[in-house]
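Structure, as structure tokens:
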Amino acid sequence: MTGYYLILAVVILAMAFHGLMVRANLLRKLMALNIFTSAVFLFLVTLARMAEPLDPIPHAMVLTGIVVTVSTTAVGLALLVRLYRRSGSLTLDSSNDD
Amino acid sequence: MAVFDLILGLLLVILVRKCLSITDMFGAVISFMAFGLLMAVAWVRLEAPDIALAEAAIGSGLTGALLFSTLGRLPHSETRQPLVPRGSGSGPGYWLVTGFWWAAAMVLIATFVFSFQELQTPGLGGPLQERLAESGVLNPVTAVLLNFRSLDTLMEIAVLLAAVVVAWSMGYVDWPARQTIPSPLLPGVVRLLTPVFLLVAFSLLWRGSHAPGGAFPGGAVLAASGILLLLSGMTVQISPRGMSWLRWVLSAGLLVFVLAGVSLMAAGFGFLVYPEQWAGNLILLIEASAGVSIGAMLLALYVGGEPDMAPSQPNNPVSRPQ
Numbered sequence: 048m049t050g051y052y053l054i055l056a057v058v059i060l061a062m063a064f065h066g067l068m069v070r071a072n073l074l075r076k077l078m079a080l081n082i083f084t085s086a087v088f089l090f091l092v093t094l095a096r097m098a099e100p101l102d103p104i105p106h107a108m109v110l111t112g113i114v115v116t117v118s119t120t121a122v123g124l125a126l127l128v129r130l131y132r133r134s135g136s137l138t139l140d141s142s143n144d145d
Numbered sequence: 045m046a047v048f049d050l051i052l053g054l055l056l057v058i059l060v061r062k063c064l065s066i067t068d069m070f071g072a073v074i075s076f077m078a079f080g081l082l083m084a085v086a087w088v089r090l091e092a093p094d095i096a097l098a099e100a101a102i103g104s105g106l107t108g109a110l111l112f113s114t115l116g117r118l119p120h121s122e123t124r125q126p127l128v129p130r131g132s133g134s135g136p137g138y139w140l141v142t143g144f145w146w147a148a149a150m151v152l153i154a155t156f157v158f159s160f161q162e163l164q165t166p167g168l169g170g171p172l173q174e175r176l177a178e179s180g181v182l183n184p185v186t187a188v189l190l191n192f193r194s195l196d197t198l199m200e201i202a203v204l205l206a207a208v209v210v211a212w213s214m215g216y217v218d219w220p221a222r223q224t225i226p227s228p229l230l231p232g233v234v235r236l237l238t239p240v241f242l243l244v245a246f247s248l249l250w251r252g253s254h255a256p257g258g259a260f261p262g263g264a265v266l267a268a269s270g271i272l273l274l275l276s277g278m279t280v281q282i283s284p285r286g287m288s289w290l291r292w293v294l295s296a297g298l299l300v301f302v303l304a305g306v307s308l309m310a311a312g313f314g315f316l317v318y319p320e321q322w323a324g325n326l327i328l329l330i331e332a333s334a335g336v337s338i339g340a341m342l343l344a345l346y347v348g349g350e351p352d353m354a355p356s357q358p359n360n361p362v363s364r365p366q
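The listed protein sequences correspond, in order, to chains V and R. End of the first sequence sits at 145 in this note's numbering; the numbers just go up one at a time, nothing left out. End of the second sequence sits at 366 in this note's numbering; the numbers just go up one at a time, nothing left out.
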């Protein structure tokens, strides 16, 4: 079962990385970043589950990571709103600069 | 139970796909929140109830609220955007790079399948169990977070506070915020739910010492009740004096943590090295102040800017043309 979750983590990681690179909309990039970190957490926790006995240290690391992720997202969203008010666009397209 | 995991994984993949490729931004955020909730189920399957609580409360709930409040601040036209503007995202170059990346990912997956079957994962579960009695708490995750690796948690609270400082530096928000209340049901339900939210938050805080829970889920539930109150049209007038108090509440978690560390140092134990007989009480003190602070900080992040003290000004400083 744990092998299955490792593969799932890698699949979600690949999809999220694809979204992070390809999507132009910054809001969607932020969502992709969140999914990306979730996939990393899934990988860590699955490794913790494989250890005998269950290893709680990755759990603590992931808890820290979740809070850091929400901080990153909040700062990203604040910057995004600020960017939109200045440039009227949600993308980092260089042709919009004047 | 293998079928359950299979369906769960399939749903997760479908939701990620929907979140990243649906044109409607609103639908994408909904998919993102559903993804977070299903991840919480996955954490329970992987025997990580602490993470399940944090993911459901912070990862899915609060991040979703943050995304929605941002969507609400953008004009309606921005919520339906074409995924790939002006013909980028097609053509041979795009497919070459994408194909290369996906092929690399598949090779990675194959490597995992073959190598992780025989990989030894000793982990630190054994040594932790042996020394759990010294930590002053019974929940191993809380022991790691607030005793053995408390410096990490201190830094984590500092990161959260830094995020609040950055978000507030971006400008002011109108305060009290004017909300359009969609239904009279909302204030009524919120009035019933708020005491329950407070009870759950403090119970999570208290449980943290011996069971899954702790400052982070507790603080998140506290913030969620605050967000619901704001959404149901509750307005609070913040006086300048109240504002300075608010700043103290926001930084209380970090201050108490650092003060505890420094006073332990002065007593000759070293920074955040708890003497065994006080460990339980010290952890409870730090966790209680951190929980309240985390709730306030998450709520401040949701508000998204420093509450404006002078609502009489016609021009919001944020929207001033540069």
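Cβ atoms here follow ideal geometry from the backbone N, Cα and C, with glycine treated the same way. Owing to the predicted nature of the structure, the values given are computational and were not obtained by experimental measurement.
Residue i: contacting residues in chain V (beta-carbon distance under 8 angstroms)
i: I102(R); result: I113, V114 and V117
i: L110(R); result: V117, T120, A121 and L124
i: D352(R); result: Going along chain V, no residue has its Cβ under 8 angstroms from D352(R), so there is no contact; the nearest lies around 15 angstroms.
i: D218(R); result: Going along chain V, no residue has its Cβ under 8 angstroms from D218(R), so there is no contact; the nearest lies around 14 angstroms.
Burial state of residue i (16 or more Cβ within 10 Å)
i: N81(V); result: buried
i: A147(R); result: exposed
i: D102(V); result: buried
i: E350(R); result: buried
i: G170(R); result: exposed
i: H106(V); result: buried
i: A63(V); result: buried
i: R133(V); result: exposed
i: N191(R); result: buried
i: W292(R); result: exposed
i: D352(R); result: buried
i: F90(V); result: buried
i: T107(R); result: buried
i: W139(R); result: exposed
i: N183(R); result: buried
i: P361(R); result: Bear in mind that a pLDDT of 42 at P361(R), under 50, signals an unreliable position, so the model cannot answer this.
i: G60(R); result: What sits at residue 60(R) in the sequence shown is Val, not Gly. The residue in question, V60(R), is buried, as its Cβ has 16 or more Cβ neighbours within 10 Å.
i: A121(V); result: buried
i: S333(R); result: buried
Chain V residues whose Cβ lies nearer than 9 angstroms to that of residue i
i: F76(R); result: M78, N81 and I82
i: W146(R); result: A61 and H65
i: R193(R); result: I104, A107, M108 and T111
i: V317(R); result: Result: empty, since nearest Cβ-Cβ is about 18 angstroms, beyond 9 angstroms.
i: G180(R); result: None at all; the shortest Cβ gap to chain V is about 16 angstroms.
Amino acids of chain R, ordered along the chain, whose beta-carbon sits closer than 7 angstroms to that of residue i
i: V92(V); result: W87, L90, A92 and I95
i: L166(V); result: A question about residue 166(V) goes unanswered here, because the residues of chain V that appear run from 48 up to 145.
i: V109(V); result: I95
i: L130(V); result: The contacting residues do not exist; L130(V) stays about 10 angstroms from chain R at best.
Within chain V, partners of residue i - CB distance below 7 angstroms
i: F156(R); result: L53, I54 and V57
i: F48(R); result: Here the premise fails: no neighbours, minimum Cβ distance about 10 angstroms.
i: T107(R); result: N81, V117 and T120
i: V60(R); result: I59, M62, A63 and I82
Rounded Cβ spacing between residue i and residue j (contact assumed at less than 8 angstroms)
i: I54(V); j: F156(R); result: 7 angstroms
i: M83(R); j: G103(R); result: 7 angstroms
i: G270(R); j: I225(R); result: Not a contact, Cβ separation roughly 17 angstroms.
i: A109(R); j: Y346(R); result: 6 angstroms
i: T114(R); j: L127(V); result: 7 angstroms
i: G112(V); j: T84(V); result: 6 angstroms
i: L294(R); j: V188(R); result: Contact flag wrong, Cβ pair sits at about 26 angstroms.
i: V115(V); j: V203(R); result: 5 angstroms
i: A79(V); j: G66(V); result: 4 angstroms
i: A96(R); j: V88(R); result: 5 angstroms
i: G305(R); j: S337(R); result: The Cβ separation is near 16 angstroms, so there is no contact.
i: L230(R); j: L275(R); result: 7 angstroms
Residues of its chain near residue i, where Cβ-Cβ distance is below 8 angstroms and the 5 sequence neighbours each way are ignored
i: L237(R); result: S269 and L272
i: W212(R); result: A344, G349 and E350
i: S307(R); result: none
i: V181(R); result: A187, L190, N191, G252, S253, H254, A323, G324 and I327
i: K146(V); result: Given a span of 48 to 145 for chain V in the structure shown, any question on residue 146(V) remains unanswerable.
Same chain only: Cβ atoms within 7 angstroms of residue i, ignoring 5 sequence neighbours per side
i: Y131(V); result: L137
i: R130(R); result: Note on R130(R): pLDDT 49, under 50, position unreliable in the model; no value is reported.
i: C63(R); result: A72, S75, F76 and F79
i: V85(R); result: L52
i: L342(R); result: L106, G263, A264 and A267
Sequence-distant residues of the same chain with beta carbon closer than 6 angstroms to residue i, five excluded per side
i: Y52(V); result: T93
i: G335(R); result: L249, A259, G262 and G263
i: S403(R); result: Coverage of chain R is limited to positions 45 through 366, which leaves residue 403(R) absent and any answer about it impossible.
i: G339(R); result: G263, L266 and A267
i: A56(V); result: A86, L89 and F90
i: A71(V); result: T138
Partner residues on chain R for residue i, Cβ-Cβ distance less than 9 angstroms
i: S134(V); result: Chain R residues near S134(V): none, gap ~10 angstroms exceeds 9 angstroms.
i: L101(V); result: E91, A92, G167, G169 and P184
Task: Uninterrupted alpha helix (DSSP H) stretches inside the stretch 177 to 201 of chain R (no shorter than 4 residues) - done: Correct list: 184 to 187.
| query | Which residue spans inside the stretch 61 to 119 of chain V form an unbroken alpha helix (DSSP H) run of at least 4? | reply | Entirely contained in the stretch 61 to 119 of chain V, the alpha helix (DSSP H) runs reaching 4 residues are, in chain order, 73 to 97.
Requested in this report: Would you mind listing the alpha helix (DSSP H) stretches within the stretch 240 to 294 of chain R that are 4+ residues and don't spill past its ends, in chain order?
Outcome: Listed in chain order, they are 259 to 275.
Alpha helix (DSSP H) segments (min. 4 residues) lying fully within the stretch 85 to 116 of chain R:
List check, alpha helix (DSSP H) in window: 93 to 98.
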